[in-house]
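As you go down the protein sequences, you meet chains F and G in turn. So in this note's numbering, the last one in the first sequence is 136, and the numbering has no gaps at all. So in this note's numbering, the last one in the second sequence is 1294, and the numbering has no gaps at all.
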Amino acid sequence: MRFHWRRLRAGELDHELIWLLVSVATAVLGTAWLRFGLPWPRCTFLAVTGLPCVTCGATRAAVAFLAGDTIGAWLMNPLVAVLLCVLVLFDLYAAAVLIARAPRLRISLTHPSAWRGIAAAAVLVGLLNWAYLLTL
Amino acid sequence: MIHISRSGGTLGVFDEARVREGLRTGEFIETDLGWTEGMPTWRPLSELETFTAAAPAPTPPPQMAMVESPASTAAGAATPEVSSVVQPSGLPWEHREQLGFVNALFATIGMFLTRPAEAFTVMKRDAGLLDPLLYALIIGTAGGVISFGFSLMMSSFGMLGGADSALGAMLGMGLGSFFVLFLTPIFVVLGTFIGAGILHVCLMVLGGANRSFETTFRVVAYGGGSANVFQLVPVCGGMIAGVTALVLYCIGLARAHETSTGRAVGAVLLPAVVCCGGIILFAITISGMAALGQ
């Protein structure tokens, strides 16, 4: 895996702008939705089996995270808490490079099999998170 | 039968009516080259005054290409070789300046709902986000608003309210109208980006992402947008739209990313496996609840 900085090419998608806008807009709308007490979908897996799914607690974790309670978010769903931290870091990075018109960080895989390793790691992390939720 | 070619590659063999329809809908363009048996060489479709009837014994068309290769001329070939790369011609929606806005919209919807494999084959892979986003936005907003209208008529939109939430009840029955009308376009845009992002990550995990996020986004916007037409169906329209969207995503990812159907289906179903459907189930649930009422 190789990290490098480069300018956007002509016609290339500006992922920093797109995902910064999407994440901020989603956070605002999600906050408004919950503030108004509007319904949130129940976990079908939990309803059917009585066991939590991999993302159970994500909404509660997000609410705790937005309230500044990162430890509470971690306890409710560690995977979601980590992803939210990564999202915040990404948003800060995206805002910085957009304001400064700086080169963008790009990641390229140096070996074709790298994706398999990343996919395997993602599955393992998901399973570990699920195992934690099952113990709650 | 007419052989159609573009950018040095063949698009296939079609009958006259099909070519006429394709020219009307934008599937084919006038600069595409056509050949039928008896013609000495390929000619632009715009120069074919009449389309000849099918020949009794079809023979291979003469070879052609946009750029003549030295090898073929040296060998004395009458026509150059065919390139193996076929550039998709684009959907009618992407030719709406020629076809007209309404014609292009309905032709694209019809194409996705009746011939989805063909639609995703002719869809351009990397031609920007704006065209598909506009398409999804128009149909998604119209579908959402009309679906909301059905819900109001059936007095079922009280789902947004709740016995334990006065503000929620007020939103559901009163302010909810504005909430839906003004926020539906925003939900459509965000849903398209987030849905495409999730599907692309799933496709990457399964090793089927042979093209960029842009391609996945175009599949989700065009597929989901077309499926949203079913929101116009009262009561069960949301569910039909949800299921249709899933089917279109499977076909679209397989075609546009040139990956196996198994990987495409896996990428579409992976969110359901991981988090009970996540956004997909959420969308279906909300639509279904809105339609069916409490």
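In this text, a Cβ means the ideal position worked out from N, Cα and C, and glycines have one as well. Computed from a predicted model, the values in this text were never measured in an experiment.
Terminal residues of the alpha helix (DSSP H) in which residue i lies
{"i": "F:S23", "result": "H15 to R35"}
{"i": "F:R6", "result": "Element bounds for F:R6: not the alpha helix (DSSP H) but the beta strand (DSSP E), R2 to R6."}
{"i": "F:L87", "result": "P78 to A100"}
{"i": "G:I1029", "result": "Premise fails: G:I1029 is in no alpha helix (DSSP H) and is neither H nor E."}
{"i": "F:W40", "result": "Note, F:W40: premise wrong, no alpha helix (DSSP H); not H, not E."}
{"i": "F:T59", "result": "A58 to L66"}
{"i": "G:V1102", "result": "F1101 to T1114"}
{"i": "F:G126", "result": "A114 to T135"}
For residue i, the first and last residue of its enclosing beta strand (DSSP E)
{"i": "F:S108", "result": "R104 to S108"}
{"i": "G:L1033", "result": "L1033 to W1035"}
Test: residue i CB closer than 9 Å to a CB of chain F
{"i": "G:M1159", "result": "For G:M1159, the pLDDT reaches just 49, beneath the cut-off of 50, and the residue's location in the model is therefore unreliable, leaving the point undetermined."}
{"i": "G:V1219", "result": "no"}
{"i": "G:M1204", "result": "yes"}
{"i": "G:I1198", "result": "no"}
{"i": "G:S1212", "result": "yes"}
{"i": "G:F1187", "result": "yes"}
{"i": "G:F1193", "result": "yes"}
{"i": "G:G1149", "result": "no"}
{"i": "G:V1122", "result": "no"}
{"i": "G:G1252", "result": "no"}
{"i": "G:G1090", "result": "no"}
{"i": "G:G985", "result": "Since the first residue shown for chain G is 1001 and the last is 1294, residue 985 of chain G is missing from the structure and cannot be characterised."}
{"i": "G:L1129", "result": "yes"}
{"i": "G:L1181", "result": "no"}
{"i": "G:V1265", "result": "no"}
{"i": "G:G1207", "result": "yes"}
{"i": "G:V1274", "result": "yes"}
Whole-angstrom C-beta distance between residue j and residue i, which should lie under 8 Å
{"i": "F:L134", "j": "F:P78", "result": "In fact, because the Cβ distance is near 13 Å, the residues do not count as touching under 8 Å."}
{"i": "G:T1108", "j": "G:L1091", "result": "5 Å"}
{"i": "F:A84", "j": "F:F65", "result": "In the sequence on display, residue 84 of chain F carries Leu and not Ala. Indeed, because the Cβ distance is near 5 Å, the residues count as touching under 8 Å."}
{"i": "G:V1229", "j": "G:I1139", "result": "6 Å"}
{"i": "G:F1213", "j": "G:H1200", "result": "5 Å"}
{"i": "G:F1344", "j": "G:R1211", "result": "Given a span of 1001 to 1294 for chain G in the structure shown, any question on residue 1344 of chain G remains unanswerable."}
{"i": "G:F1205", "j": "F:A122", "result": "One point to set straight first is that residue 1205 of chain G is Val, not Phe, in the sequence displayed. The pair is a contact, with the Cβ atoms about 6 Å apart (cut-off 8 Å)."}
{"i": "G:L1011", "j": "G:I1002", "result": "Their Cβ separation, rounded to whole angstroms, is 10 Å, which puts G:L1011 and G:I1002 out of contact at 8 Å."}
{"i": "G:F1106", "j": "G:Y1222", "result": "No, G:F1106 and G:Y1222 are not in contact; Cβ-Cβ is about 14 Å, not under 8 Å."}
{"i": "F:G126", "j": "F:V82", "result": "The Cβ separation is near 12 Å, so there is no contact."}
{"i": "G:G1225", "j": "G:A1117", "result": "So it is not a contact: roughly 17 Å between Cβ atoms."}
Test: residue i CB closer than 9 Å to a CB of chain G
{"i": "F:I99", "result": "no"}
{"i": "F:L128", "result": "no"}
{"i": "F:A62", "result": "no"}
{"i": "F:R116", "result": "yes"}
{"i": "F:H15", "result": "yes"}
{"i": "F:L87", "result": "no"}
{"i": "F:G50", "result": "no"}
{"i": "F:V125", "result": "no"}
{"i": "F:A122", "result": "yes"}
{"i": "F:I107", "result": "no"}
{"i": "F:I18", "result": "yes"}
{"i": "F:A73", "result": "no"}
{"i": "F:G68", "result": "no"}
{"i": "F:L110", "result": "The question names Leu, but residue 110 of chain F in the sequence shown is Thr. False, the Cβ-Cβ gap to chain G never drops below 9 Å."}
{"i": "F:V82", "result": "no"}
{"i": "F:T55", "result": "yes"}
{"i": "F:A94", "result": "no"}
{"i": "F:A10", "result": "no"}
{"i": "F:A131", "result": "no"}
{"i": "F:A102", "result": "no"}
Listed by chain order, chain A residues near residue i by CB distance under 8 Å
{"i": "G:L1190", "result": "No chain A is present in this structure, whose protein chains are F and G."}
heavy atom of the ligand HEM below 8 Å from residue i C-beta
{"i": "G:F1106", "result": "The model on display carries no ligand, and the ligand HEM is accordingly not part of it."}
Item to complete: Any chance you could list the alpha helix (DSSP H) runs of at least 4 consecutive residues sitting entirely within the stretch 1171-1248 of chain G, in chain order?
Response: 1176-1205 and 1213-1227
Worksheet entry | Three or more C-beta pairs below 8 Å linking the stretch 1237-1244 of chain G and the stretch 1013-1024 of chain G | no
Worksheet item: Between the stretch 1097-1108 of chain G and the stretch 1189-1200 of chain G, are three or more C-beta pairs nearer than 8 Å?
Response: no
Worksheet item: For the stretch 101-108 of chain F against the stretch 7-17 of chain F, are there 3 or more C-beta pairs whose distance is under 8 Å?
Response: The stretch 101-108 of chain F is in contact with the stretch 7-17 of chain F.
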